[in-house]
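Asker: In the numbering used here, the protein residues as written are 259 to 625. Virtual Cβ for every residue (Gly too), placed ideally from N, Cα, C. The model shown is predicted, which means the values in this text are computed figures rather than measured ones.
1. Please tell me whether residue 235 and residue 336 are closer than 7 Å, where the distance is taken between their beta carbons.
2. At a cut of 8 Å, does the region 542 to 551 reach the region 561 to 577 through at least three beta carbon pairs?
3. With contact counted as at least three CB pairs below 8 Å, one residue from each stretch, are the region 432 to 443 and the region 607 to 619 in contact?
4. Is residue 542 buried or exposed, if buried means 16 or more other CB atoms sit within 10 Å of its CB?
5. Which residue wins for smallest C-alpha separation from residue 505, given the options 405, 331 and 479?
6. Keeping to the same chain, check which residues put their C-beta closer than 8 Å to that of residue 513; ignore five residues upstream and five downstream.
7. Whole angstroms is fine: what's the gap from residue 325's alpha carbon to residue 535's?
8. For the beta strand (DSSP E) containing residue 587, list its first residue and its last residue.
9. Tell me whether residue 416 sits in a helix, a strand or coil according to DSSP, three-state version.
10. So who's on the other strand from residue 427, going by DSSP bridges?
11. What is the DSSP secondary structure of residue 573, reduced to helix, strand or coil?
12. Quick one: grab the DSSP three-state call for residue 479.
13. Measuring alpha carbon to alpha carbon, tell me which of 525, 584 and 502 ends up nearest residue 568.
14. Please state if the CB of residue 456 and the CB of residue 492 are separated by a distance shorter than 7 Å.
15. So, residue 556 versus residue 591, is the Cβ gap smaller than 7 Å?
16. Considering residue 443, what are the terminal residues of the alpha helix (DSSP H) in which it resides?
17. If the criterion is Cβ atoms closer than 7 Å, does the pair residue 620 and residue 328 meet it?
18. Exposed or buried, what is residue 604 when buried is set at 16 or more other beta-carbons lying within 10 Å of its beta-carbon?
19. Please report how far the alpha carbon of residue 613 lies from the alpha carbon of residue 529, in whole angstroms.
20. What number of angstroms, rounded off, separates the C-alpha of residue 437 from the C-alpha of residue 602?
21. Count the other C-beta atoms from every protein chain shown that fall within 10 angstroms of the C-beta of residue 450, then say buried if there are 16 or more, exposed otherwise.
22. Grouping DSSP H, G and I as helix and E and B as strand, with all else coil, what is residue 581?
23. Starting from residue 609, follow the beta strand (DSSP E) in both directions and report where the run begins and ends.
24. Quick one: is the Cβ of residue 614 within less than 6 Å of any heavy atom of the ligand SAM?
Structural data, given as structure tokens:
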């Protein structure tokens with residue numbers, strides 16, 4: 259049970275980090291109170307303590323965000339899994355049928371679930387497993403295998419060391435693409451980066467002005483021209499980005515998937531303009547998917563993968579759905595890494611994807 263043991267250690271370590279953060283905050287705060295009582299308190303020392311406090315809390319906050327963001331999926335999926343172990347004390351075909359239904363409802367994907375069930379039945383037979391509580395460990399074990407086996411996918415953003423890092427954002431309308439761009443801008447600006455947004459969705463009513471509003475709100479530079487050719491707008495925007503020594507360029511694109519041929523040609527033209535202007539760009543082409551759309555999101559990923567070179571997925575609204583298993587389906591069915599997940603509506607709620615935090619948020623109630 260190597261993977262499950264690792265999984266239990268992950269859960270334990272994450273909970274220790276959260277507990278340690280609570281203790282450290284108390285300690286740091288009490289130390290600061292004591293220091294302010296001294297007549298010759300060093301302002302520099304107080305600032306250093308506050309900085310340490312911020313560092314201590316950041317990892318724990320990430321863990322808590324995953325915990326909170328995956329609560330709906332955990333309440334649905336894990337509670338049903340636990341109940342199944344109570345309902346059936348012995349493994350049976352009825353048990354397998356109900357388990358299959360639970361996995362499909364968690365949006366792990368029908369194809370993925372069918373393969374998973376075959377592997378599970380095989381393990382049960384060869385290891386002579388009869389106890390359903392023990393089988394829960396095997397289930398989690400095999401679910402983790404879905405994500406970690408085969409090709410290792412990087413969830414890190416590739417940065418350009420020579421000039422602006424260009425991130426091209428694609429996805430159908432209504433998935434939260436524009437707000438995702440804003441959240442990414444907010445993230446990078448808070449990391450001390452200079453950010454520019456370029457409005458490549460030039461024909462949809464209000465798309466350019468909407469992005470400009472977000473640029474103003476986040477303190478990003480902006481370039482866009484409504485009704486103009488997207489590739490020429492992006493070209494002019496990249497000229498400005500280089501002149502103004504921008505670190506990160508976030509490019510919005512049209513979300514019309516109805517005519518794949520037209521969109522393919524448009525994205526090909528855009529990619530050619532970007533790569534001609536900045537060597538090795540775009541560094542990332544991120545597909546934004548609304549997690550609550552479930553299997554429809556998987557179909558979008560497959561369709562976009564056919565027409566352009568997708569390097570990663572951004573899953574929005576993961577906190578608002580009980581279908582958090584879509585992360586596993588994306589890996590198995592599309593073989594693309596999830597790079598960011600949306601765990602709330604606040605600007606800080608777009609998080610870099612972390613498989614260990616995901617495991618913790620999804621399965622912690624099973625320990």
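Answerer: Concretely, from the data shown:
1. Outside the shown range of the chain, which is 259 to 625, sits residue 235, and nothing can be said about it.
2. yes
3. yes
4. As a first step, residue 542 must be located in the chain shown, where it is residue number 284. Buried, because 16 or more other Cβ atoms sit within 10 Å of the Cβ of residue 542.
5. In the chain shown, residue 505 corresponds to position 247, counting from 1. Considering only alpha carbons, the answer is 479.
6. For the purposes of this step, residue 513 is identified with residue 255 of the chain shown, where counting begins at 1. Answer for residue 513: 428, 429, 430, 431, 432, 433, 435, 459 and 462, listed in chain order.
7. Within the chain shown, residue 325 is the residue found at index 67, counting from 1. Within the chain shown, residue 535 is the residue found at index 277, counting from 1. Straight-line Cα distance between these residues: approximately 42 Å.
8. The residue you call residue 587 lines up with position 329 of the chain shown. Looking at the DSSP string, residue 587 is not in any beta strand (DSSP E); the run it does join, the alpha helix (DSSP H), is 584 to 591.
9. Taking the chain shown and counting its residues from 1, one reaches residue 416 at position 158. Three-state result, residue 416: coil.
10. For the purposes of this step, residue 427 is identified with residue 169 of the chain shown, where counting begins at 1. Residue 427 is bridged to 510 and 544.
11. On the chain shown, position 315 is the one that residue 573 refers to. The answer is strand: DSSP assigns residue 573 an E or B state.
12. As a position in the chain shown, residue 479 is number 221, starting the count at 1. In this structure, residue 479 counts as strand in the three-state DSSP scheme.
13. Position 310 of the chain shown, counted from the first residue, corresponds to residue 568. Per the Cα distances, 525.
14. Start at 1 with the first residue of the chain shown, and residue 492 comes out as number 234. Start at 1 with the first residue of the chain shown, and residue 456 comes out as number 198. Contact: yes.
15. Position 298 of the chain shown, counted from the first residue, corresponds to residue 556. Position 333 of the chain shown, counted from the first residue, corresponds to residue 591. The answer is yes: Cβ separation under 7 Å.
16. The residue you call residue 443 lines up with position 185 of the chain shown. Taken as a continuous stretch (DSSP letters only), the alpha helix (DSSP H) holding residue 443 covers 435 to 448.
17. Reading the chain shown from its first residue, position 362 is the one you call residue 620. Reading the chain shown from its first residue, position 70 is the one you call residue 328. Yes; because the gap between Cβ atoms is below 7 Å, this pair is in contact.
18. Residue 604 sits at position 346 when you count from the first residue of the chain shown. It counts as exposed.
19. Walking along the chain shown from the start, residue 613 turns up at place 355. Walking along the chain shown from the start, residue 529 turns up at place 271. Looking at the two C-alpha atoms, the distance is approximately 30 Å.
20. Against the chain shown, residue 437 aligns to sequence position 179. Against the chain shown, residue 602 aligns to sequence position 344. Taking the straight line joining both Cα atoms gives about 12 Å.
21. If you number the chain shown from 1, residue 450 lands on position 192. Label assigned to residue 450: exposed.
22. As a working note, residue 581 is residue 323 in the chain shown. Note: residue 581 maps to coil in three-state DSSP.
23. The residue given as residue 609 occupies position 351 in the chain shown. Where residue 609 is concerned, the enclosing beta strand (DSSP E) stretches over 608 to 610.
24. This structure simply doesn't include the ligand SAM, nor any ligand for that matter.
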